[in-house]
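Line by line, the protein sequences are chains A and B.
0 is the number of the first residue of the first sequence in numbering that gives the first Met the number 0; add one for each residue after it.
0 is the number of the first residue of the second sequence in numbering that gives the first Met the number 0; add one for each residue after it.
Ideal Cβ placement from N, Cα and C applies to all residues, glycine included.
Computed from a predicted structure; not experimentally measured.
Below is one structure; the comments refer to it alone.
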Amino acid sequence: MIISRREFLRTVAATAATASLAGHDWLAEAKELDPSMTWAKAPCRFCGVGCGTLVGVRGGRVEAVTGDPASSVNRGLLCAKGYHLPAVLAGADRLRFPMLREGDNYRRLSWDEALDLVAAKYKEALGKGGPESVAIFGSGQWTIPEGYAAQKWFKAGMRSNNIDSNARLCMTSAVQGFVTTFGSDEPMGCYDDIEHADVFVLWGNNMAEMHPILFSRMLARKKAAPGTRIFDLTTRRTQTSQYADAVLLMKPQGDLAIANGICRWLLANDKFDKEFVGEHCIFQKGKTDIGYALEDKFKFQDAPEEITLDAYRALVEPYTPEKVQELAGIAPEDLLKLAEAFGDPKAHVVSYWCMGVNQHTRGTWMNNLIYAVHLLSGKIGVPGSTPFSLTGQSSACGTVREVGTSSEGLPADRRVTDPEHRAQCEKLWNVPEGTINPKPGTHALEVFRGLCHGELKVVWVQVTNPFVTLPNMHRNRDGKKACRDDSFLIVSDIYPTPTTALADLILPSACWVEKDGAFGNAERRTQQWDKMIDGPGEAKSDLWQLVEVARRMGYGALFPETKTLAKDLFEDYRRFTVGIGKDVASWEDLRMAPGLQWPVVDGKETPRRYVPGHDPYAKKEGRIDFYKAKKTNHKAVIWARPYEPPPEVPDKDYPFWLSTGRVLEHWHTGSMTRRVPELHRAMPSAYCEMNQEDADELGIYAGDNVKLTSRRGSIVLRVALNEKSVPQKGHVFVPFFDENLLINELTLDAMCPISKQPDFKKCAVKVETA
Amino acid sequence: MTTRTVLATLAFAVVAFLLRSAYTDPPVENPPAEPPPAAAPPIAPPAAEPAPVPAPAAEPVPAAAPAPIPAAAPAPGPAVRPATVVPLRPNRSYDGAPPVIPHTVTALAAEDCLECHGDKEVGAPRSPHADLQRCLQCHLPQPGTGQFKETSFAPSTYPIGLRGHSYGPWLIPHPLTMRENCLPCHSGEKTSEALRTTHPERTRCVQCHVPANERWPGPRRDVQLSPLK
């Protein structure tokens, strides 16, 4: 792609100038940066919002970080985690050398010894047990080149599809929702829709803590346009609820009923967008009563069936406001207010959701249902109206979803099960026909169950900390403790964690600006950065580690020698995206921009996908062109998905609902942010949020310790009453960041049968004084 | 924030302010052990090393109580102002990081914080960006103590106390990000004398006081960005 410098500059300027947060002249600010430091841009290391930062380096260390005023995402503002990025790299216990476990001790290895050992272990396992006996478990925080290298090594090299990532725990329901509805993954809208919206609907999403910068933009919109409303659908009163105009406190799993109730109301009151639905949508139903994937080797295949509008109408008819009240616990007048917002032809409505919807035993269905609400009401594809699936991790979109580093994925919306997709990839990778294995590999939980059962002989974990984040930890971790000699676990990380504690070989990684990289955020924005400093000791990028092992195993043809490894692999990957509506910008273009939203065609990014006039792939006529939905003739699918109960509900023995989640101050398992004094002191340890009435009944005071017990495990935690959030009566909430207080020893590993994503938000526990 | 809490905080702020002159050094006792008690005792700034000379109060530290801020340096001459040449890093990870909150927080909304940190001078540092509404997104209370693991992070600080020549106006030593509004930190009775402007009536500060540093980062140096409207 050739793009003139003048044109490029114009694009960048237009992007930056799109809108401003009220009252701030963000651009004026970037000019006063300390000249004794070297400054360069990088996306924030943490969440899927993808804020732009400017990083100040002095004496080989990152000493300051400021929000990038030129980034259209955050316009100069960061959250507490982003501002504390410098100290994240500087923990005194950074891993510095490869270390091999010998009994209960570790022996320092040279990189040559370590890489030869990894290559030998993989080779040995391949020889004995074939491609099914090896695996890699990566991350939505892998850079794009890292995920791509792992993908190429596994699928084009070792012919193994056993590559999966922690995104299985956070985003696969969203992926399945997109693919089954629109035929292609990732949102059509953009963050700039915030400044055009009249109504925000948050589906089980505490944005104030998890997506703080977007929440700030929402509040700024509310201030600038006073009639703007926020609906907060939630199972507990959060910091987000404090700012909402309507808080709809619902029962767990009640979201299925609420969405169906809105669809029914739109149809029953003739408030749906007939023209839009007629031209751009079809109706489908699938299997029902689909189980919870708790069994080992669970299999499921949906059976989509097209239905008429009348048949669809009959399927949603049972969800009257009274029925929704029974299933979801929200008052009929509240449902009415929400439905009317969607039924108002003048209102612009943005829906946001993240883990509340995705970590759900009906996660794919819930994604389908939110799209159904937006498609029926026509609230899609115009500035200010869009369903927007938020992501948790910095590159869950850019790496896992776009590069396809999952057990069934291939780059750019391709699947190993599709012969045409396999052929395309084999050609681009220049490997013989039939190289790619057509059978999907093991997904995240099967990887760890397989490691516990001894079916998987070698597993490499990179950029993630599964022995804090997996649900039902005893089932998915303890087997590895027991059969340590039978399998070989390699862990690449930057700090010691509960996962490195179980590793047979620990490899020290470089982090963030200690390497070249690129992330892709939730609004299809690819953001690149250059290496700014060296990692501590002998720490090396995960990319270099992967490529060196692949070369030592004889896959050098897939990874030619180069001095610009990250750039070359990114450009190699980019070939898969060009011409099919997923066109990522070139590495050099990305170096010059705060970030560009794909599809990038002729140097222009695409803020709104599928919309003629915005997206060069969309046909000129009509309101929208779902051009990736080839199977359904460019029409999006409105799915009939019923309410089904959760697998484990509170009963006499375990009378409380347990929900888990993140906090503003810590990034996921806290292995980085807990090493920052300011963040640690702000949030020193996990706690158990309870309702005051429950505490009174049990005679518990704030600060007391309680023992939480589920059918799977038990921990003791400090009780928090009326602190950050307030659960409903009969509910408790515990964050998962604390490696000393592992709430995942209690959670249930029930999954969405379609996406295989576990539900961390619902299980039954009892509460006792401790 | 309940009226009672507001009153308690105000009362505490006043007492702390009166006590301030008794301190010659920042109090060094540790913050309260968690869970935090209802009252908010003064806590030490989390900076690893104590400032060699009293830290100026003009940093936008959102404290209800100015406890960590000791008395201003005694009678600085107008041309020298020694207090401005000490590192500005109390209560922050590094210059440019948002200051942490040195008191207990029981309310979440910006209006609650602005009761003390808004336009009106009540003794607490005033926010230079009061239009932003979610204070706790960047400014963190510190109920915990100690460290999870040791850190080796110890940044150096911005060069400050700069002027072009001995009669020139002071240069602005810090980025203006989140500090576009000068007066909350540089005017008012309660502001450290070292940083208090002698001419608050002239509202176009940057007409004379220019940023000490001007530089675009890395590869985008040439990018011309149109101003936001």
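Residues near residue i in its chain [Cβ-Cβ closer than 7 Å; skip 5 each side]
i, result
"residue 682(A)", "662, 664 and 665"
"residue 286(A)", "301 and 302"
"residue 35(A)", "57"
Minimum Cβ-Cβ distance from residue i to chain A less than 8 Å
i, result
"residue 206(B)", "no"
"residue 67(B)", "Legend: pLDDT at residue 67(B) = 36, less than 50; position of this residue unreliable, value from coordinates given subsequently. Not an interface residue."
"residue 133(B)", "yes"
"residue 89(B)", "no"
"residue 167(B)", "no"
"residue 97(B)", "yes"
"residue 101(B)", "no"
Residue i burial status per 10 Å Cβ neighbour count (16 or more: buried)
i, result
"residue 235(A)", "buried"
"residue 773(A)", "As displayed, chain A neither begins before 0 nor continues past 769, which places residue 773(A) out of reach and without an answer."
"residue 174(A)", "buried"
"residue 77(B)", "Legend: pLDDT at residue 77(B) = 42, less than 50; position of this residue unreliable, value from coordinates given subsequently. Exposed is the call here."
"residue 751(A)", "buried"
"residue 141(B)", "buried"
"residue 309(A)", "exposed"
"residue 203(B)", "exposed"
Simplified DSSP assignment, three categories, for residue i
i, result
"residue 46(A)", "strand"
"residue 423(A)", "helix"
"residue 443(A)", "helix"
"residue 257(A)", "helix"
"residue 502(A)", "coil"
"residue 759(A)", "coil"
"residue 122(A)", "helix"
"residue 193(A)", "helix"
"residue 302(A)", "coil"
"residue 750(A)", "strand"
"residue 673(A)", "helix"
Neighbour flag for residue i against chain B, beta carbons, 8 Å
i, result
"residue 10(A)", "Summary for residue 10(A): the model assigns pLDDT 37, below 50, so the residue's position carries little reliability; its value from the coordinates is reported in the next sentence. No - not a single Cβ of chain B is within 8 Å of the one on residue 10(A)."
"residue 680(A)", "yes"
"residue 586(A)", "no"
"residue 83(A)", "yes"
"residue 92(A)", "yes"
"residue 62(A)", "yes"
"residue 664(A)", "yes"
"residue 565(A)", "no"
"residue 677(A)", "yes"
"residue 683(A)", "yes"
"residue 404(A)", "no"
"residue 285(A)", "no"
"residue 86(A)", "yes"
"residue 468(A)", "no"
"residue 516(A)", "no"
"residue 534(A)", "no"
"residue 66(A)", "yes"
Close beta carbons around residue i, own chain, < 6 Å, minus the five adjacent residues each side
i, result
"residue 6(A)", "Reliability fails at residue 6(A), whose pLDDT of 39 lies under 50, so the model's placement of it is uncertain and the value that follows must be treated cautiously. Excluding sequence neighbours, residue 6(A) sits near 602."
"residue 55(B)", "In this predicted model, residue 55(B) has a pLDDT of only 36, less than 50, meaning its place in the structure is not dependable enough to derive any value."
"residue 181(B)", "204"
"residue 523(A)", "185, 596 and 597"
Contacts around residue i, its chain only, beta-carbon distance under 8 Å, and the 5 residues preceding and following it disregarded
i, result
"residue 183(A)", "177, 412, 580, 581, 627 and 628"
"residue 498(A)", "460, 463, 464, 465, 466, 467, 490 and 492"
"residue 305(A)", "281, 282 and 283"
"residue 728(A)", "690, 692 and 693"
Cβ-heavy atom distance, residue i to the ligand HEM, below 7 Å
i, result
"residue 34(A)", "Because no ligand of any kind appears in the structure shown, any question about the ligand HEM cannot be addressed here."
Short CB-CB distance (under 8 Å) between residue i and chain C
i, result
"residue 75(A)", "Annotation note: the requested chain C is absent from the structure, which comprises protein chains A and B."
Practice prompt. Anything in the stretch 108-126 of chain B with a Cβ closer than 7 Å to a Cβ of chain A? List those residues in chain order, please.
Written response: Hits within the stretch, in order: 108.
Worksheet item: For the stretch 210-241 of chain A, which residues have a CB atom closer than 9 Å to at least one CB atom of chain B, in sequence order?
Response: Answer in chain order: 211, 212, 214, 215, 218, 219, 221, 222, 238 and 241.
Discussion item. Beta carbons nearer than 9 Å to chain A: which residues of the stretch 137-149 of chain B have them?
Written reply: 137, 138, 139, 140, 141, 142, 143, 144, 145, 146, 147, 148 and 149
Discussion item. By the 8 Å beta-carbon criterion, what residues does the stretch 173-198 of chain B contribute toward chain A?
Written reply: 173, 174, 175, 176, 177 and 179
Item to complete: For the stretch 486-511 of chain A, enumerate the residues whose C-beta is nearer than 9 Å to any C-beta of chain B, in chain order.
Response: With the criterion set as a beta carbon lying under 9 Å from some beta carbon of chain B, the members of the stretch 486-511 of chain A are 494 and 495, in sequence order.
Worksheet entry | Short-range partners of chain B found in the stretch 647-674 of chain A, where Cβ spacing is below 8 Å | 663, 664, 669, 673 and 674: these are the residues of the stretch 647-674 of chain A whose beta carbon lies less than 8 Å from some beta carbon of chain B, given in chain order.
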